[in-house]
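All remarks here apply to the structure that follows.
Protein chains: 2
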Amino acid sequence: MSISSRFSVGIHILTLIEINKDGVSSSEYLAASVNTNPAVIRKIMGMLKKAGLLKVQPGIAGAELAKDLSDITLLDVYKAVNVVKDNELFSIHENPNPDCTVGRNIQNTIEPLFFTAQNTLENVFKNVTIEDVVKDIFEKEKVNAKSK
Amino acid sequence: MSISSRFSVGIHILTLIEINKDGVSSSEYLAASVNTNPAVIRKIMGMLKKAGLLKVQPGIAGAELAKDLSDITLLDVYKAVNVVKDNELFSIHENPNPDCTVGRNIQNTIEPLFFTAQNTLENVFKNVTIEDVVKDIFEKEKVNAKSK
DNA sequence: CGTCCTGTAACTACAATGAATACAGGTAAT
DNA sequence: ATTACCTGTATTCATTGTAGTTACAGGACG
Numbered sequence: 001m002s003i004s005s006r007f008s009v010g011i012h013i014l015t016l017i018e019i020n021k022d023g024v025s026s027s028e029y030l031a032a033s034v035n036t037n038p039a040v041i042r043k044i045m046g047m048l049k050k051a052g053l054l055k056v057q058p059g060i061a062g063a064e065l066a067k068d069l070s071d072i073t074l075l076d077v078y079k080a081v082n083v084v085k086d087n088e089l090f091s092i093h094e095n096p097n098p099d100c101t102v103g104r105n106i107q108n109t110i111e112p113l114f115f116t117a118q119n120t121l122e123n124v125f126k127n128v129t130i131e132d133v134v135k136d137i138f139e140k141e142k143v144n145a146k147s148k
Numbered sequence: 149m150s151i152s153s154r155f156s157v158g159i160h161i162l163t164l165i166e167i168n169k170d171g172v173s174s175s176e177y178l179a180a181s182v183n184t185n186p187a188v189i190r191k192i193m194g195m196l197k198k199a200g201l202l203k204v205q206p207g208i209a210g211a212e213l214a215k216d217l218s219d220i221t222l223l224d225v226y227k228a229v230n231v232v233k234d235n236e237l238f239s240i241h242e243n244p245n246p247d248c249t250v251g252r253n254i255q256n257t258i259e260p261l262f263f264t265a266q267n268t269l270e271n272v273f274k275n276v277t278i279e280d281v282v283k284d285i286f287e288k289e290k291v292n293a294k295s296k
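Protein chains in written order, with our numbering: chain A, 1 to 148; chain B, 149 to 296.
If you want it as structure tokens, here you go:
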């Protein structure tokens, strides 16, 4: 099992729109950078738009960020692209046997653990913004240029 | 997307084997508590055995823990049942365009973030043992008895 | 030898992913 | 208004993972 690449693609899209803010970020342009089909990009853009992260209009080429760079966290993206339903990162087997000590208590014991783990994970993403990603990409670009 | 219930079933199995240590924990017995098919249980038991958490022998009914209760962490179980391949909790889109500033750097920017998130998640499970789970189940059982 | 067990393989149904194609409908320039 | 290009969306497809089921080979043991 792996969490869908919609998450990383979503980050890619938002980052590129920012870096290309003087140009036109059409789904085709973005698809060329991500290296996938424009329809896939449009679908993800639709999710980002629905979450209020992106401004796009039918018929008009290009998209722009709907919020300030530093106001978009990776958690926003994570939630937007719907890679994991709320509190369902881990699935718990259904209907354990209520006639067994373990069966009738295991769910209540495990659930809080799973929720904690999930929250911990999400907190990591809550503390990183698209601005951080943009800065890091410029950083990496600089290092590459020097090493040539 | 959800992480396979093999994880919660694995915890259930180990916990029940402990609590039923004076009895015989056959795959059929465990399956009745988990409420699934014995073959499913045997498959997961095979994984737990392979990871050195469980002692089982062909032909002999029952299984027992291969380690001390307090030496089996949930992370051991998590790794054992192979619900997430190493460092692949998040999938990153392949082959982004190297001719684009974002395309050629995004993977190196995102990967460390994903690894951090994954490690944070796993650390939660590293700090909980089967012993903790067993204790919590007895705790919950006590509370239930009182509320009757 | 018969019985019960574990270990596996094979098959099923089902859901999610990611890519691809197609097209309806919006926008705008000519 | 016609044309060209865009977004939004439905549909289809191949692939993969999950979870359950059945079946059976082979071990253990009375």
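Using N, Cα and C, we set each Cβ at its ideal position, and we do this for glycine too. Just so it is clear, the structure is predicted and the values come from calculations on it, not from any experiment.
DSSP places Gly-59(A) outside both helix and strand once states are collapsed to three, so it counts as coil. Less than 8 Å divides the Cβ of Gly-10(A) from the Cβ of Ala-80(A). Annotation: Asp-170(B) to Ala-209(B) spans about 13 Å, alpha carbon to alpha carbon. With 16 or more neighbouring CB atoms inside 10 Å of its own CB, Phe-125(A) falls in the buried class.
No Cβ-Cβ contact shorter than 8 Å links Ser-152(B) with Ser-5(A). Taking the C-beta atoms as reference points, Val-102(A) is found no nearer than 8 Å to Glu-18(A). Taking 8 Å as the cut-off, the Cβ atoms of Met-45(A) and Val-34(A) do not count as close. Under the DSSP assignment, Thr-163(B) falls in the alpha helix (DSSP H) whose first and last residues are 154-167. Distance between Tyr-29(A) and Asn-245(B), taken at the CA atoms: about 11 Å.
Residue state for Thr-36(A) is assigned as coil, using DSSP reduced to three classes. Between the alpha carbons of Asn-123(A) and Thr-268(B) lies a distance of about 10 Å.
For the stretch 87-119 of chain A, residues whose beta-carbon sits nearer than 7 Å to a beta-carbon of chain B comprise Glu-88, Leu-89, Phe-90, Ser-91, Ile-92, His-93, Asn-95, Pro-96, Asn-97, Cys-100, Thr-101, Val-102, Gly-103, Asn-105, Ile-106, Asn-108, Thr-109, Ile-110, Leu-113, Thr-116, Ala-117. CA-to-CA, the gap between Asn-105(A) and Asn-275(B) works out to about 21 Å.
The beta carbons of Leu-162(B) and Val-225(B) sit about 7 Å from each other, so the pair counts as a contact at 8 Å. The beta-carbon of Asn-35(A) is placed less than 8 Å from the nearest beta-carbon of chain B.
The three-state secondary structure of Ile-72(A), taken from DSSP, is coil. Taking 8 Å as the cut-off, the Cβ atoms of Ala-199(B) and Ile-189(B) do not count as close.
Shortest Cα-Cα distance from Leu-74(A) to any of Leu-222(B), Phe-262(B), Lys-191(B) involves Phe-262(B). In terms of CA proximity to Lys-67(A), Leu-53(A) leads the group Leu-53(A), Pro-58(A), Val-143(A). Cβ contact annotation for His-12(A) (same chain, cutoff 6 Å, sequence separation greater than five): Val-34, in chain order.
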